Amino acid sequence: EPFVADEYIERLAWRTPGGGSRGGEAFDPKRLLEEFVNHIQELQVMDERIQRKVEKLEQQCQKEAKEFAKKVQELQKSNQVAFQHFQELDEHISYVATKVCHLGDQLEGVNTPRQRAVEAQKLMKYFNEFLDGELKSDVFTNSEKIKEAADIIQKLHLIAQELPFDRFSEVKSKIASKYHDLECQLIQEFTSAQRRGEISRMREVAAVLLHFKGYSHCVDVYIKQCQEGSFLRNDVFEDAAILCQRVNKQVGEVFSNPETVLAKLIQNIFEVKLQSYVKDQLEEHRKSDAEQYLKNLYDLYTRTTNLSSKLMEFNLGTDKQTFLSKLIKSIFIPYLENYIEVEIGYLKSRSAMILQRYYDSKNHQKRSIGTGGIQDLKERIRQRTNLPLGPSIDTHGETFLSQEVVVNLLQETKQAFERCHRLSDPSDLPKNAFRIFSMLVEFLCTEHIDYALETGLAGIPSSDSKNANLYFLDVVHQANTIFHLFDKQFNDHLMPLISSSPKLSECLQKKKDIIEQMEVKLDMGIDTLNCMIGQMKHILAAEQKKTDFKPEDENNVLIQYTNACVKVCAYVRKQVEKIRNSMDGKNVDTVLMELGVRFHRLIYEHLQQYSYSCMGGMLAICDVAEYRKCAKDFKIALVLQLFDTLHALCNLLVVAPDNLKQVCSGEQLANLDKNILHSFVQLRVDYRSARLARHFS
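The opening position of the sequence shown corresponds to residue 21 in our numbering, with each subsequent residue numbered one higher.
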C-alpha cells in the first residue's frame, strides 16, 4: 500500500500510552514527544542500514555489468572467427563443386562419343544383317520387342536415305520394306489397343509412331474409330458435341499434341458429317419450297454456330475462333451468298399471297385507285375540295383492314429479320435489313393500309346523303392500331440491325414519309365531318316543326326540349364516342374541335330559321342547354364557350323588353357584334311592336 505520513503518525500516537487517541486516557505530551523522538532515531538507524545495503547492491550490479560486457565482447570475437571459417568453407565447397562439374563434363564428353560409337556399332551390325539379307537379331524376330525394332529401323531408314542408290539399292529397299511393315504393325497395334480401350498402350504406340511418316495415318485411324457408333441419333449436332467432349478427355492421355488431334477430329466432323447433313436438308427444298428452305437454313446455321460455341471451350490451338469460323463458312458459303435474294423473293410472294387470300375471302376485286403524290394530296387539303379521290365505291361497311393479315405480315417480317441477323455478313446486314423493311412497307403500308384508306376515302358519302354510314372512322381506328404494331416492330426488330449504320437515317426518312402520307389521307377524311353535319341537318329538317317554338297553346307546353334536339344530341354523342375510339393523341382534340365548331354553326343557323313566342323561346333555351350538355362531351374549351354564348343569345328571345339593353351588355354578350344581337331579337314574334323596337334601338 502507498505510504501516507498522516496515517502513520496517527497509528503511532494511538499505540503510545498518553497519546490521547483512546478515550478515558489522560493526554501526556511529554511522553508522546519522547516516543516521537525515539521513533525518529529508530527510523534514522533503519535508513542508514538500508542505504548501506543499497550501495552494496549497486556496487555488485556494476561489477556484474562489467563482467557481462566483457563476456559479450569475447562472444563477438568468437562469432567473427566462426564466420570467417564458414566463408572459407563455402569457398572451398564452391571450388570442389566447380571441379566436380568440370570432371562431370569431361566424363560426359568422353562417354557421349563412346555411347554414340556403341550405338553406331549396333546400327552397323543391324545394317549388315539387311545387307546380308538375313535378319537374325532377336529385336527383329521377337514381336514383343516391336518398340525397340521400330526405334532401330527408324534410324536405319534415315541413314539409308543418304546412301548412294546404285550401290545400296537392294538394302535400301529392304530397310524401306521393314520400315513400312513395322509402321503397319504399330498402327494395327494402336487400332487394337483403341478397340480394347487400353489408353496406356495407345500412348506408348503413339509415342513410337510420332517419328514415323505414318503418324498422321495413326491420327486418322483414331479419328475414324472415335466416330464409330457416335452418330446413331437424329440430332447430329448433339452427337458431335458429346463425341468431342468425350475425345477431349482422352486425347491428352494418348497424344503428345492433343490440340492438333482434336482440331483434326472437329475438322473431319464439319467437312464430312455436318456438310453432308446440311446439304441433304437444304437441297431437298432449295428449289421447291422456299419457306422450308429458309427455316432449315436458319435452324442449321444456328445449331452449327451453337456447336461452335461449345467447341470454343476446348484447346484447339492459338486462333480457334478463326479456325471454327472457316469451318462454318466452308459448309454454308454456297447458301449464304444468295440468301437475301431468296429471302426477298419468298417474302414478296408470301406477303402477296396473304393479302390476296384476304381479299378473296371478302369476295373483293382489288381496284386500282389513283393515288397522287403527297404534294398533290396536300394541295387538295389546302383547297378544301370535297371531291372524292376516285370513283364512288360502296364498301358496305367493310374497312378492308384485317388484324389477322397484319399479324401474319408482321410475323413473316419478324422471322425474316431474325434470319437476316443470323445469316447476313456483318457488312451486308444493314443493307439486307433495309430491303426486308422495304418489303414490309410495300405490302403492309402501301398495299393494305394505304389501299384501305383510299377505298375508305372513295366511299365517303356526300354531305347531302340520307342515312349515310360513316365507315371511314372505323378505317381510321384500325389503321391507327395497325400502325402502332408496325412502329413496334420497327423499334424492336429493325433498329438493332441498323442503329450504327448509314441505313438508319434512310429507314427513319422512309418511315416519316409513310406517316406523313397516311396523315394527309386521314386529313382528307375530314369530309366525314361534312357527312355528320349533313345527317344532323336531315334530323333537324325532319323532326323540327315551326310550331315547336310558337305553340298554339302557350299555357299547355308539356315537353322539356324538342324531339329534334333529343335525336341530334344522341347522334352527336355517338359520333364523339366513335371519334375518340378511332383516334388518339392530339388528333382526337383536332377533329373534335372541328366537329364542335361545325355543330355550333349548324345549330346557330338552324335557330335563325324560326320565330319564337315567349314559351317557344323558353323551349329554345332548353334545347340549347341540352346542346351545351352534349358539347361538354367534346372536352374542348372553345366548343363549350361557343355554346355558352349561344345560350346567352337565346335569352334575348324571352327577356322583357325593358331588360334587353342590360342583357346585351352582360359579360357573355358585350363583345359580340350588334348585328348578331339584333338578328336574334328579330326572331321574337313581338319584335314588330313599337315598344320592343324602341327598347333595342
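Quick reminder that beta carbons are idealized off the backbone N, C-alpha and C, glycines included. Every value quoted in this text rests on a predicted model; they were computed, and no experiment measured them.
Spatial neighbours of residue i in its chain, beta-carbon cut-off 8 Å, leaving aside the 5 residues before and after
| i | result |
| --- | --- |
| V608 | I599 and R600 |
| Q702 | none |
| R404 | Below a pLDDT of 50, predicted positions are generally treated as unreliable, and R404, at 39, falls in that range; no measurement from the model is reported. |
| S276 | A226, A227 and L230 |
| Q126 | none |
| V24 | none |
| L517 | F437, C440, H441, L449, P450 and A453 |
| E21 | none |
| T36 | R51, L52 and E55 |
Pick from the options that is closest to residue i, judged by C-alpha positions
| i | options | result |
| --- | --- | --- |
| Y235 | C246, K434, I262 and I207 | I207 |
| R621 | L612, S631, L460 and F663 | F663 |
| F454 | Q96, K530, D319 and D512 | K530 |
| T325 | Q312, T342 and Y313 | T342 |
| I656 | C204, A478 and M613 | M613 |
| I641 | D604, F569, V659 and D693 | F569 |
| T665 | D67, D259, L692 and L680 | L692 |
| S519 | I534, L449 and A561 | L449 |
| E646 | D26, H513, D319 and V588 | V588 |
| I360 | E68, E55, G337 and A310 | A310 |
| S308 | N695, V362, Y630 and E258 | V362 |
| Y11 | H59, S699 and A690 | Here the chain covers residues 21 to 717 and nothing more, so residue 11 does not appear. |
| F563 | N679, D259, A117 and N583 | The amino acid occupying residue 563 in the given sequence is Glu; Phe does not appear at that position. Closest by alpha carbon: N583. |
| D240 | E84, V281 and G38 | V281 |
| G38 | F251, P49 and I29 | P49 |
| V586 | K330, L639, V120 and G272 | L639 |
| Y28 | A690, S98 and I60 | I60 |
Close-in-space but distant-in-sequence residues of the same chain around residue i (CB under 6 Å, 5 per side omitted)
| i | result |
| --- | --- |
| Q385 | none |
| R306 | Y313 |
| S444 | N452 |
| E75 | none |
| F290 | L347 |
| A372 | none |
Residues near residue i by beta carbon distance below 7 Å, same chain, minus five either side
| i | result |
| --- | --- |
| M222 | F210, A213, Q214 and V274 |
| I243 | K284, L285 and N288 |
| Q509 | L430, T433 and K434 |
| S328 | L344 and I348 |
| L464 | V426, L429 and F506 |
| T322 | R442 |
| E203 | F232 and G234 |
| F457 | L514 and C527 |
| M603 | V496, N500 and V611 |
| R253 | D259 |
For residue j and residue i, believed in contact at Cβ under 8 Å, the rounded distance
| i | j | result |
| --- | --- | --- |
| I351 | V298 | 6 Å |
| L302 | N316 | 6 Å |
| G723 | T419 | This structure cannot settle anything about residue 723, because the visible part of the chain is limited to 21 through 717. |
| R618 | L669 | About 18 Å; that fails the 8 Å criterion. |
| L421 | Q498 | 4 Å |
| V659 | N671 | So it is not a contact: roughly 20 Å between Cβ atoms. |
| Q270 | I353 | At roughly 33 Å, the Cβ-Cβ gap does not stay under 8 Å, so Q270 and I353 are not in contact. |
| I534 | V461 | 6 Å |
| L336 | E279 | 6 Å |
| L367 | M459 | 5 Å |
| F334 | C264 | 7 Å |
| K566 | Y630 | 6 Å |
| L627 | M552 | About 19 Å separates the two Cβ atoms, so there is no contact after all. |
| Y581 | D494 | In fact, because the Cβ distance is near 31 Å, the residues do not count as touching under 8 Å. |
| L689 | L680 | The pair is not a contact, with the Cβ atoms about 10 Å apart (cut-off 8 Å). |
Residue i at chain C interface by Cβ criterion, 8 Å
| i | result |
| --- | --- |
| S250 | The question asks about chain C, but that chain is absent: this structure has only one protein chain. |
Inside the stretch 260–301 only - alpha helix (DSSP H) runs reaching at least 4 residues
278–288
Examine the Cβ distances between the stretch 433–443 and the stretch 376–385 and report whether three or more of them are shorter than 8 Å.
no
For the pair the stretch 538–545 and the stretch 466–475, tell me if three or more CB-CB distances fall below 8 Å.
yes
Count the C-beta pairs between the stretch 671–681 and the stretch 645–652 that are closer than 8 Å, then say yes if the count reaches three, no if not.
no
Three or more C-beta pairs under 8 Å: does that hold for the stretch 628–639 against the stretch 521–528?
no
Could you say if the stretch 552–568 and the stretch 496–504 meet the contact criterion of at least three C-beta pairs nearer than 8 Å?
no
Write down every uninterrupted run of the alpha helix (DSSP H) in the stretch 510–542 whose length is 4 residues or greater and which is fully enclosed by it, in chain order.
515–518
Enumerate, from N- to C-terminal direction, the unbroken alpha helix (DSSP H) stretches of 4 or more residues contained entirely within the stretch 544–632.
547–563, 583–602 and 606–627
What alpha helix (DSSP H) runs, 4 residues minimum, are completely inside the stretch 208–265?
219–229 and 235–247
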